[in-house]
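Numbering that gives the first Met the number 0 applies: residue 0 is where the sequence shown begins, and numbers increase by one.
Using N, Cα and C, we set each Cβ at its ideal position, and we do this for glycine too.
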Amino acid sequence: MRNKKVDALIHQMENYSECWKQFSRYLNAARSKHFDQNDETQFLELKSLITQELELILAAVECSSPKKVEVHSLLGSAPSIRYLSELSEGALRGLENQWHKIYIAWQCNLGQLKVQQRQLQSHSILSSLLFRKKPA
Numbered sequence: 000m001r002n003k004k005v006d007a008l009i010h011q012m013e014n015y016s017e018c019w020k021q022f023s024r025y026l027n028a029a030r031s032k033h034f035d036q037n038d039e040t041q042f043l044e045l046k047s048l049i050t051q052e053l054e055l056i057l058a059a060v061e062c063s064s065p066k067k068v069e070v071h072s073l074l075g076s077a078p079s080i081r082y083l084s085e086l087s088e089g090a091l092r093g094l095e096n097q098w099h100k101i102y103i104a105w106q107c108n109l110g111q112l113k114v115q116q117r118q119l120q121s122h123s124i125l126s127s128l129l130f131r132k133k134p135a
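As structure tokens, this is what we get:
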């Protein structure tokens, strides 16, 4: 993979990570029962974005974890903030636990990409030092 592709994928994964952080904020809004219709609309848009970006990322890089079915399961378990706000505390904790496992898996994937990026950068620097044109 070229360095530009890895850089772009890292940027995409960092943005995706922010989406997952936002998902957690909506879980907290549900728990506190402080949300409005605008939050509901944004939550639905966020879930759409998470689903679409998942497909783009999985098409670009092989990830063993999280599995697509795990992400779909979590999103399917959270149809709306109102629905989440009506769950028992135990059920909400279960969703938070599921979210946390997925979030950590994405952070691992991002870390692996950053390792690859550094390896490509060091290889590029080494190549430029070894293959410099000598002055005539």
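Counting only runs that start and end inside the segment 59-126, the alpha helix (DSSP H) elements of at least 4 residues fall at 67-75 and 80-84. In this structure GLN116 is not in contact with ILE49, their Cβ atoms being roughly 24 Å apart against a cut-off of 8 Å. Taking the C-beta atoms as reference points, SER23 is found no nearer than 7 Å to TRP105. Here MET12 has ILE56, TRP105, ASN108, LEU109 and LEU112 as same chain residues with Cβ atoms under 8 Å from its own Cβ, once five neighbours each way along the sequence are excluded.
ALA29 is a Cβ neighbour of LEU83, given a cutoff of 7 Å.
Here GLU44 is not near ILE80, since their CB atoms are 7 Å or more apart.
The C-alpha of HIS33 lies about 10 Å from the C-alpha of TYR25.
The Cβ-Cβ distance between ILE101 and PRO78 does not fall below 7 Å. Closest in alpha carbon position to GLU69, among SER87, GLU61, LEU86 and TRP98, is TRP98. In the DSSP annotation of this structure, ASP35 is not part of any alpha helix (DSSP H), being labelled neither H nor E.
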